[in-house]
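Numbering (the numbering used here), first residue to last: -14 to 260.
Quick reminder that beta carbons are idealized off the backbone N, C-alpha and C, glycines included.
Please read all numbers here as calculations on a predicted model, not as lab measurements.
Right, one structure below, let's go through it.
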């Protein structure tokens, strides 16, 4: 399969059979978390569990068949494979057409995984959807043969406070790719929570279709996150409140941005500056 070359020899692959019901994504996340713990890298469980959850959710929703989930340790990270019995091929939905009920799952996988794809199953009908995440813990490929860390990643989400977990996971995974240590990664996750809360406080009552744009600028040793909402700032955030001061303590730079009909907050953190 396109993403599973170069298996690590010091870890064992694991697989789980999942029923086609609403409990499957949660069971898949739990399986991924336990597997990463068994491999001795629990700190990297979150991005893997998020990709696993989205792929299994997609299989349950669109295939409606039992699924097989495999986690394969590769020399450069982890390969996630999800088998289902349907022939239909999942496709990315254009950014403007994504909603909470459809289109976000593969967009998240596309952002967090270094590559993903679909293959025919060799042992029966259906398909395998796979994703490869490059994580610390094994020999890294030759830099000339792998894509460089992206300069910019943009994630557009409905302005729903329940979706902040996606922002946390995305910033954590990108911080890993930028070379951050675990404590610095946790600082960024918490900062993302507070930044989202600052923007959410500006959300007018009754707004249901607004989207928030999360723009990540990534370079070795540096991650910048800008969140922008298409709602006018009713008032600047209280720069003396706990949330603002907490973000200040967690990052190296923070700035409030107010435009015509928009408001946003930008933060930057550099490696070696854990709170």
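- Excluding residues up to 5 positions away in sequence, 36, 116, 117 and 118 lie with their Cβ nearer than 7 Å to the Cβ of residue 98 in the same chain.
- Counting of Cβ neighbours within 10 angstroms places residue 108 among the exposed residues, the total staying below 16.
- When only Cα atoms are considered, residue 93 and residue 256 end up about 25 Å apart.
- Taking all protein chains shown into account, residue 138 has 16 or more neighbouring C-beta atoms within 10 Å of its C-beta and is therefore buried.
- In terms of Cβ geometry, residue 102 and residue 68 do not form a close pair [threshold 8 Å].
- In the DSSP assignment, residue 213 falls within the unbroken beta strand (DSSP E) covering 207 to 214.
- Assignment of beta-bridge partners to residue 44 by DSSP yields no partner.
- Taking the CA atoms as reference points, residue 203 sits about 10 Å from residue 161.
- Excluding residues up to 5 positions away in sequence, 55, 56, 57 and 58 lie with their Cβ nearer than 7 Å to the Cβ of residue -2 in the same chain.
- About 12 Å separates the beta carbon of residue 228 from that of residue 177, a gap too long to meet the 8 Å contact definition.
- In this structure, residue 238 places its C-beta atom within 8 Å of the C-beta atom of residue 252.
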